[in-house]
Ligand SMILES: Cc1ncc(COP(=O)(O)O)c(C=O)c1O
């Protein structure tokens with residue numbers, strides 16, 4: 265597709281301002297540009313066509329099935345968008361006086377309260393702007409707690425080998441050594457190994473439950489006891505909260521700090537790094553370490569609370585990604601408690617249905633018990649035909665679906681991590697199964713078809729590494 269500069273024609277205009285009906289003012293030369301800016305020259309129609317065509321090159325959850333494991337690409341109700349666009353929310357300014365933004369503060373306060381109830385935590389901050397940012401903030405709180413107790417010896421954070429890469433990155437950025445713990449043959453934290461690893465240096469453990477294999481670790485209470493007995497704290501990576509909303513609360517399972525991925529669980533269009541919100545919740549004894557401000561309420565008035573005595577400081581300008589908070593709150597209100605619980609049930613049902621169907625075509629390791637909201641399959645046996653997981657999923661693009669996550673978690677080779685979410689119908693899931701079956705057949709009969717896929721997309725195979733490392737963002 266041509267760039268907007270390439271379709272520019274000198275002298276073409278999208279807008280011609282009316283003739284001046286006031287005196288003109290002669291700006292002094294020092295404020296004038298020496299050379300006019302090189303802007304594309306187009307009509308309004310050209311611009312509309314250009315951006316509409318550009319948007320059609322993209323794939324989105326509003327176009328089709330998007331089973332991107334660990335990302336919870338569920339349908340985002342448009343009602344939430346309308347709420348986020350209300351003038352009273354979208355046109356306020358963070359420097360406004362508290363008295364003039366009581367509605368916005370009330371929304372944030374109520375959201376904090378709802379998240380506290382759902383997670384079983386006692387205090388909340390909405391500041392972090394993403395899951396990874398929530399992790400960073402939560403582990404900074406753990407660190408501040410140990411330091412406050414003058415417990416400077418604790419410099420290790422335990423992280424399962426199935427964890428998302430942001431977990432070890434978070435631990436490292438907070439100055440901890442990330443200590444990897446192996447999963448056992450059922451994909452759970454290996455308890456014997458854990459008992460050997462914990463020691464007076466243990467600051468805590470970061471756990472995702474259900475984990476990235478889509479499995480709920482039933483030993484969580486035992487894990488909690490082992491870590492707490494050793495003086496460490498438990499961090500809950502809540503990116504997979506979509507599987508347990510209204511069913512289990514991390515706070516009841518022994519976790520001390522939790523982050524939510526509002527943009528996944530509570531519906532916000534997301535992808536490619538934003539926009540997001542990663543609020544964290546903590547138990548009472550950690551409340552004083554939270555970043556400031558949080559939102560408080562006194563005598564029916566809402567206020568920004570800067571009173572946290574041992575605060576780790578600010579982690580973001582102002583109060584977080586406010587419009588994401590509005591969407592999440594709208595979602596929670598429209599779903600209600602029973603609706604949220606039902607959403608989790610449907611997410612789990614859909615994943616199990618898909619797993620049962622797909623396991624007839626692809627191997628599904630760790631399938632000793634039902635999965636939660638997602639599962640992991642592998643195309644490893646197809647390596648014999650020269651077909652990699654990447655080839656397999658690139659071919660899916662030709663059939664009009666977004667590929668699942670690949671090569672994560674790292675403990676399964678050539679894997680596809682599939683998360684259908686609760687908003688997909690049986691018809692969509694059945695179509696996806698058909699596509700998987702077709703591609704598995706093609707892999708054996710005509711591997712080249714997969715190796716050279718996709719065939720019908722606007723761009724074919726990109727060099728992922730170069731595309732990320734050598735960005736060309738300027739038109740020359
Ligand atoms: C298990 C898990 N933890 C943490 C994250 C990080 O969340 P975010 O992408 O919002 O930074 C993700 C993201 O996919 C995840 O799947």
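In the numbering used here, the protein residues as written are 265 to 740.
Don't be surprised by glycine CBs; every beta carbon is placed ideally from N, CA and C.
All values reported here derive from a predicted model rather than from experimental measurement.
Taking the alpha carbon of residue i as the reference point, which residue from the options has its own alpha carbon closest?
i, options, result
"residue 502", "519, 463, 493 and 561", "519"
"residue 740", "281, 302 and 661", "302"
"residue 476", "669, 458 and 735", "669"
"residue 338", "535, 656 and 443", "535"
"residue 510", "603, 675 and 622", "603"
"residue 390", "557, 695 and 344", "557"
"residue 640", "671, 315 and 648", "671"
"residue 499", "506, 661 and 516", "516"
"residue 462", "418, 451 and 426", "418"
"residue 472", "633, 488 and 691", "488"
"residue 718", "659, 702 and 734", "659"
"residue 661", "407, 483 and 720", "720"
"residue 343", "548, 614 and 599", "599"
"residue 651", "705, 731 and 470", "705"
"residue 313", "385, 616 and 265", "265"
"residue 277", "307, 656 and 336", "307"
"residue 494", "468, 478, 483 and 701", "468"
"residue 454", "483, 432 and 437", "483"
In this structure, does DSSP put residue i in helix, strand or coil?
i, result
"residue 428", "coil"
"residue 477", "coil"
"residue 534", "coil"
"residue 410", "helix"
"residue 299", "coil"
"residue 598", "helix"
"residue 436", "helix"
"residue 559", "strand"
"residue 458", "helix"
"residue 339", "coil"
"residue 714", "helix"
"residue 332", "strand"
Excluding five sequence neighbours on each side, which residues of the same chain lie with their C-beta closer than 7 Å to the C-beta of residue i?
i, result
"residue 550", "405, 409, 520 and 521"
"residue 373", "559, 561 and 566"
"residue 664", "328"
"residue 593", "371, 374 and 375"
"residue 653", "643, 670, 671, 678, 679 and 680"
"residue 272", "304, 305 and 306"
"residue 436", "442"
Could you pull out every residue in the same chain whose Cβ sits closer than 8 Å to the Cβ of residue i, ignoring the five residues on either side in sequence?
i, result
"residue 539", "393, 527, 532, 585, 587 and 588"
"residue 459", "490"
"residue 612", "507, 634, 635, 636 and 637"
"residue 708", "646 and 649"
"residue 369", "362, 559, 566, 567 and 568"
"residue 552", "572, 573, 574 and 575"
"residue 492", "498 and 518"
"residue 693", "614, 617, 618, 621 and 684"
With a threshold of 8 Å between beta carbons, is residue i in contact with chain D?
i, result
"residue 724", "Considering every chain present, this structure includes no chain D. It has just one protein chain."
Might you give, ordered along the chain, the residues of its own chain that have their beta carbon closer than 6 Å to the beta carbon of residue i, omitting 5 neighbours on each side?
i, result
"residue 430", "396 and 399"
"residue 348", "587, 590 and 591"
"residue 677", "644"
"residue 333", "638, 668, 669, 681, 682 and 683"
"residue 732", "none"
Have a look at the DSSP bridge pairing and note the partners of residue i.
i, result
"residue 571", "According to DSSP, which records beta bridges pairwise, residue 571 is partnered with nothing at all."
"residue 501", "472 and 523"
"residue 545", "388 and 522"
"residue 422", "443 and 469"
Complete alpha helix (DSSP H) runs within the region 352 to 388 (minimum length 4 residues, chain order): 366 to 383
Runs of alpha helix (DSSP H) lying entirely within the region 613 to 695, each at least 4 residues, in chain order: 653 to 662
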